[in-house]
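The numbering used here puts the first residue of the sequence shown at 137, with every later residue one more than the last. Note that the Cβ used here is the ideal one computed from N, Cα and C, for glycine as well. I have placed the structure first, in the form of structure tokens, so that the comments after it can refer back to it.
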Amino acid sequence: WKCVSSRARSSTGQCKGAEFFAKAAIQGHVVSRWNLGFLEGKKGNYDRALRHCLISAKMGDGRALEFIKILFMTRGIATKEQFAEALKGYQDAV
Numbered sequence: 137w138k139c140v141s142s143r144a145r146s147s148t149g150q151c152k153g154a155e156f157f158a159k160a161a162i163q164g165h166v167v168s169r170w171n172l173g174f175l176e177g178k179k180g181n182y183d184r185a186l187r188h189c190l191i192s193a194k195m196g197d198g199r200a201l202e203f204i205k206i207l208f209m210t211r212g213i214a215t216k217e218q219f220a221e222a223l224k225g226y227q228d229a230v
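Spelled out as structure tokens, the structure:
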């Protein structure tokens, strides 16, 4: 996520889009939660990305489940237990 101008930044220096995603995610918006996980992953914060994606997958987001699968299978960042938890949560939600 890239802020294109200083007007797109908040007083804390964070992109306003990320702030809106965070507010929506707190209220239960699945896509916003996925977006936060994706943004954290792009920044290299894989632990935070994993936490956001776990929540999103448990709410039925298939993209989040696939991202966790990648973190587990190819990068070794997610554990087998985390992937199993995400898969079960996803299946329960869908």
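PHE174 versus CYS189 - alpha carbon distance: Going from the Cα of PHE174 to the Cα of CYS189 covers about 8 Å.
Rounded straight-line distance, which links the Cα of CYS151 to that of SER209: It is Met, not Ser, that sits at residue 209 in the sequence shown. For MET209 and CYS151, the distance between alpha carbons rounds to 31 Å.
Distance, LEU201 Cα to PHE232 Cα: With the chain covering only 137 through 230, there is no way to say anything about residue 232.
Whole-Å CB distance - ALA222 paired with LYS178, under 8 Å assumed: Not a contact, Cβ separation roughly 20 Å.
Looking at the secondary structure, which residues open and close the alpha helix (DSSP H) in which LYS178 lies? Per DSSP, the continuous alpha helix (DSSP H) segment holding LYS178 begins and ends at 166 to 178.
Given a threshold of 16 other Cβ atoms within 10 Å of its Cβ, counted over all protein chains shown, does ARG211 qualify as buried or as exposed? So ARG211 counts as exposed.
Who are the near neighbours of GLY198 in its chain, counting only those whose CB is closer than 6 Å to its CB and skipping five residues on each side? Contacts found: none.
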